[in-house]
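Visitor:
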Amino acid sequence: MKEGRDYRNTITYETAAVTNNVQLTWRWPKQPSHKCGVLGYNHIAWGNYDNGSTATSVVPRQVKSIGELTFAYGIDYAADPSEFNGLMEFYLTSAANRADLKKIEIGFFWQAPGVTQTWAKTTRQLGVFTDRYGKRWNVSREVGTSNGGYVTFVPFGGYQGYGTIDAKGAVNWLRGGGNVNGDWWFNGAARGVEPIKGFGIAIVRWFGATYR
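Residue numbers (our numbering): 21 to 232.
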């Protein structure tokens, strides 16, 4: 497929606040996507998400040294909810700022269509995580991938467009289950959408972190 003819992705943002009021648009053919299930990750990054550089630098920290890590967000969309994933995610690496040394990928879905939930049920089930805000998440892990494994947090109750993610609590929960090593490094995160097919618009009203 050729960009501009068969598909198109755009990102529009305010230069004064790159993480606020960011508009993500996508347009893909309506037929189901290829084998991987998604057609990319249209996102805004905070810190070094995947070997990138942002205006606001983030100091890498080992999991065992993180005192606080939460993400507050608000996001709206105009799209068929069966045609895209919405998620916030990050990698943990074996060395600081080394995207080539990924140990695990951790994703929190604010929008998960049926096809994604069905896929998650085919992976290793880790249990139910209840965060500090009382929100419950089904947690599973795909193993044997190039990034060391993909852990998915899918919330009970469906769409979660506004809220706060207790990332430190989630990582500590994974660590307690032997899925995360305290020596691994957190470097940054991203928030956005994964188109599956079709077209839509998502507006990230705000995306911020409390981190120390």
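The C-beta atom is built at its ideal place from N, Cα and C for all residues, glycine as well.
The structure presented is a predicted model; accordingly, all values stated were derived computationally and were not measured.
Can you give the beta carbon distance from residue 58 to residue 105, rounded, assuming they're within the 8 Å contact cut?
Guide: 6 Å between Cβ atoms; contact.
Visitor: Where does residue 150 fall in DSSP's three states?
Guide: Strand at residue 150.
Visitor: Starting from residue 131 and walking both ways along the beta strand (DSSP E), at which residues does that stretch end?
Guide: Segment 122–131, the beta strand (DSSP E) holding residue 131.
Visitor: Apart from the five residues on each side of it in sequence, which residues of its chain come closer than 7 Å, Cβ to Cβ, to residue 232?
Guide: Contacts found: 87 and 88.
Visitor: Taking three-plus beta-carbon pairs below 8 Å as touching, is the region 143–163 in contact with the region 102–122?
Guide: Judged by Cβ distances under 8 Å, the region 143–163 makes no contact with the region 102–122, as fewer than three pairs qualify.
Visitor: Tell me where the alpha helix (DSSP H) around residue 194 begins and ends.
Guide: That run of the alpha helix (DSSP H) goes 187–196.
Visitor: State the DSSP-derived secondary structure class of residue 87, mapped to helix, strand or coil.
Guide: If DSSP states are grouped into helix, strand and coil, residue 87 belongs with coil.
Visitor: Between the Cα of residue 143 and the Cα atoms of 216, 163 and 130, which residue gives the shortest distance?
Guide: Out of 216, 163 and 130, 163 has the C-alpha closest to the C-alpha of residue 143.
Visitor: Going by the CB atoms, is the gap between residue 212 and residue 62 shorter than 9 Å?
Guide: Contact flag set, yes.
Visitor: Taking C-alpha atoms, which residue in 226, 79, 70 and 169 lies nearest to residue 110?
Guide: Among 226, 79, 70 and 169, the Cα nearest to that of residue 110 belongs to 70.
Visitor: Would residue 229 and residue 64 qualify as a contact pair, given that the criterion is a beta-carbon distance under 9 Å?
Guide: In this structure, residue 64 does not lie closer than 9 Å to residue 229 by Cβ.
Visitor: May I ask you to list the residues that DSSP assigns as paired with residue 96?
Guide: Residue 96 is bridged to 223.
Visitor: So the alpha helix (DSSP H) residue 138 belongs to, where does it begin and stop?
Guide: Unbroken alpha helix (DSSP H) run through residue 138: 134–141.
Visitor: Near residue 124, which residues of its chain fall below 6 Å by C-beta distance, leaving aside the five closest residues on each side in sequence?
Guide: So the list reads 112, 168 and 169, once near-sequence residues are dropped.
Visitor: Since residue 171 contacts residue 199 with CB under 8 Å, what's their CB separation in whole angstroms?
Guide: That belief holds up - the Cβ atoms of residue 171 and residue 199 are roughly 7 Å apart, short of 8 Å.
Visitor: Where does the unbroken beta strand (DSSP E) through residue 156 begin, and where does it stop?
Guide: Taken as a continuous stretch (DSSP letters only), the beta strand (DSSP E) holding residue 156 covers 156–162.
Visitor: Which whole-angstrom value describes the C-beta separation of residue 84 and residue 203, a residue pair presumed to lie in contact below a C-beta threshold of 8 Å?
Guide: That pair is a contact at about 7 Å.
Visitor: Can you find the residues in the same chain that come closer than 8 Å, C-beta to C-beta, to residue 140, ignoring five residues on each side of it along the sequence?
Guide: The answer, listed in chain order, is 132, 158, 160, 172 and 174.
Visitor: Taking residue 153 as the reference, which of 91, 214, 137 and 196 has the closest Cα?
Guide: Checking every option, the nearest Cα to that of residue 153 belongs to 91.
Visitor: Do you know offhand how far residue 137's Cα is from residue 177's?
Guide: Each residue's Cα considered, the two are about 12 Å apart.
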